[in-house]
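Numbering (the working numbering), first residue to last: 52 to 393.
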Amino acid sequence: MSYSGLTTKIRAMQSHLLNVQNFREIVELEGVPQAVNYLKDKPSYGPLLGNLETEDLHRGQIERLLKKSIYRDFAKLYRFSNASQRKFLDLYFGRYEVYFLKVCLTSILDHRQPSLDLRGFREFFDKHSKLKLENLEAASTVDEFLSAIKDSVYYPPLARLGETRQPTLFDYEMTLDLNYFRRLWENRTVIREKQGIKGLTKALGSKMDMLNIQWIYRCKKYYHMNSADIYALLIPVNYRLSSRTIQEMVEADSLETLESLIEKCYYAKHYREFTEERLETLYAEILKYILSSESRKHPYSVTTIYSYLYHKEHEVDRLIIALECVRYRIAPEEAMKRVACR
Numbered sequence: 052m053s054y055s056g057l058t059t060k061i062r063a064m065q066s067h068l069l070n071v072q073n074f075r076e077i078v079e080l081e082g083v084p085q086a087v088n089y090l091k092d093k094p095s096y097g098p099l100l101g102n103l104e105t106e107d108l109h110r111g112q113i114e115r116l117l118k119k120s121i122y123r124d125f126a127k128l129y130r131f132s133n134a135s136q137r138k139f140l141d142l143y144f145g146r147y148e149v150y151f152l153k154v155c156l157t158s159i160l161d162h163r164q165p166s167l168d169l170r171g172f173r174e175f176f177d178k179h180s181k182l183k184l185e186n187l188e189a190a191s192t193v194d195e196f197l198s199a200i201k202d203s204v205y206y207p208p209l210a211r212l213g214e215t216r217q218p219t220l221f222d223y224e225m226t227l228d229l230n231y232f233r234r235l236w237e238n239r240t241v242i243r244e245k246q247g248i249k250g251l252t253k254a255l256g257s258k259m260d261m262l263n264i265q266w267i268y269r270c271k272k273y274y275h276m277n278s279a280d281i282y283a284l285l286i287p288v289n290y291r292l293s294s295r296t297i298q299e300m301v302e303a304d305s306l307e308t309l310e311s312l313i314e315k316c317y318y319a320k321h322y323r324e325f326t327e328e329r330l331e332t333l334y335a336e337i338l339k340y341i342l343s344s345e346s347r348k349h350p351y352s353v354t355t356i357y358s359y360l361y362h363k364e365h366e367v368d369r370l371i372i373a374l375e376c377v378r379y380r381i382a383p384e385e386a387m388k389r390v391a392c393r
């Protein structure tokens, strides 16, 4: 009964998600103004885009408004949730905090303006976060940034980075990601819901396994990193991949050996075409499949919330790619391939 109203709300929101035909129609449009006008007719984006002059919208504005649709949907789900469901949403919210912390660090360390104006999200953060965006926006050095997050869970791991070496932007971003994944995994039982925990464990465990495989493969193929450095980048979670399997992959003596190990792992055995060439595409496909199937099997569980948010975020990422393809007049067939890779 605690999920009846929330599940009904989620089903209504799911009906507004874009389908393949919508993306096909977008990439076939003549320009970005036409694409924005197309989105104005969609329930998920019309309220945010409706009163804006499309000719005056630049790339950053469009991206900000599309991202804002995610946070608006999160807020809707939060309002419909009870205390137990909100515990999960509070935990999940960390991904949005991590995203904005990365935007701020990029501005500081790369000395360029952030791609998004954070002021448009202040009201949302004031309701759901203890971070103070105004302090983060004002930070112009790493020390000022660390001071702005001193009372948060993000301060200890980031502060430790500077104690051993001169961290790069990549170091800070990886530390934020690993910290978030670890907290999400360790606290997934906060919801105290048998079926929900089971679905979350399957989705989160598979996600982290596949991310580890991707990172190991990239590190060896493109960056030729040594084993110690690769281990430092991995999410400290083992779901379908044992620690022995991870060790064999990290310490593989050649790319061919690593590819052979990937082709023998759990995911290659259970999902067709799981090869190193398709790691990124299949990662998204498999995760969508797991979340969709788990939410269908257990519609009255927290997995349904997670599934909707994942699909919504995935849609916005694909929309940003589609609009960039329209902007640079990439052929529709090629554009659809790029959109499908997300």
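Just so you know, even glycine gets a beta-carbon here, dropped at the ideal spot from N, CA and C.
C-alpha distance - ARG123 paired with LYS201, whole-angstrom precision: 28 Å
Considering only residues of the same chain and omitting the five flanking positions on each side of VAL353, which have a CB-CB separation below 7 Å? GLN136, PHE139, ILE242, GLU244, GLY247 and LEU251
Please confirm whether THR226 and LEU235 have their CB atoms less than 7 Å apart. no
I'd like to know whether the C-beta atoms of VAL390 and ILE121 end up nearer to each other than 7 Å. no
The region 290–309 / the region 368–387 touching (three or more Cβ pairs under 8 Å): no
Which residues bound the alpha helix (DSSP H) around ALA400? Residue 400 cannot be examined here, being either before or after the span of the chain that is shown, 52 to 393.
Outcome for GLY101 when other beta-carbon atoms lying within 10 angstroms are tallied against a minimum of 16: exposed
I believe LEU117 touches LEU284 by the beta-carbon criterion, under 8 Å. Please report the beta-carbon distance rounded to the nearest angstrom. LEU117 to LEU284, Cβ: 29 Å. No contact.
Test item: CB-CB of TYR268 and GLY145 under 7 Å: no
Any idea what DSSP makes of LEU116, helix, strand or coil? helix
Please classify ASN70: does DSSP put it in a helix, a strand, or coil? coil
Per-residue DSSP class, three states only, for HIS179: helix
Does the region 275–283 touch the region 308–315, meaning 3 or more C-beta pairs lie closer than 8 Å? no
Expressed to the nearest angstrom, what Euclidean distance is found between the alpha-carbon atoms of GLU345 and GLN217? 43 Å
Please determine, among LEU68, PRO208 and GLU328, the residue with the shortest C-alpha to C-alpha distance to GLN265. GLU328
Return the chain-ordered list of same chain residues with a C-beta closer than 8 Å to the C-beta of ARG233, the five sequence neighbours on each side being excluded. ILE286, PRO287 and VAL288
Exposed or buried, which one is SER305 when buried takes at least 16 other CB atoms within 10 Å? exposed
So, helix, strand or coil for ARG393, using DSSP? coil
Closest Cα partner of ARG378 within the set GLN85, TYR322 and LEU68: GLN85
Which residues bound the alpha helix (DSSP H) around ILE471? Only positions 52 to 393 of the chain appear in this structure, which leaves residue 471 out of reach.
Could you check which residue in LYS258, TYR143 and ASP177 has the C-alpha nearest to that of THR240? TYR143
My assumption, with CB atoms under 8 Å, is that THR59 sits in contact with TYR351. Please give the rounded CB distance. Contact doesn't hold; Cβ gap of about 11 Å is too wide.
Please go through the same chain and pick out, in chain order, the residues whose beta-carbon is closer than 6 Å to the beta-carbon of TYR290, but skip the five residues on each side of it. GLY256 and ASP260
Name the two residues that bound the continuous alpha helix (DSSP H) containing GLN217. Where GLN217 is concerned, there is no enclosing alpha helix (DSSP H), given that its DSSP letter is neither H nor E.
Should LEU182 and TYR223 be called a contact, given that it needs their Cβ atoms to be closer than 7 Å? no
Inter-residue CB distance, HIS109 and LYS93 (contact presumed, cutoff 8 Å): Contact flag wrong, Cβ pair sits at about 21 Å.
Beta carbon of THR332, beta carbon of CYS270: below 7 Å? no
CA nearest to the CA of CYS281, picked from ASN263, SER55 and HIS179: Note on identity: in this sequence residue 281 is Ile, with Cys being the wrong assignment. The residue with the shortest Cα to Cα distance from ILE281 is ASN263.
If you drop the 5 nearest sequence neighbours on each side, which residues of the same chain put their C-beta closer than 8 Å to that of ALA303? LYS271, LEU309 and LEU312
Since LEU197 and ALA210 are thought to touch, with beta carbons under 8 Å apart, how far apart are those beta carbons, to the nearest angstrom? 6 Å
Name the two residues that bound the continuous alpha helix (DSSP H) containing TYR357. 353–378
Closer than 6 Å by C-beta to TYR357: which residues in its own chain qualify, once you throw out the five before and the five after it? Chain order, please. none
To the nearest angstrom, how far is it from the Cα of LYS388 to the Cα of TYR89? 21 Å
Separation of ALA254 from CYS316, as counted between CA atoms: 17 Å
What do you reckon, are the CB atoms on TYR322 and ILE341 nearer than 7 Å? no
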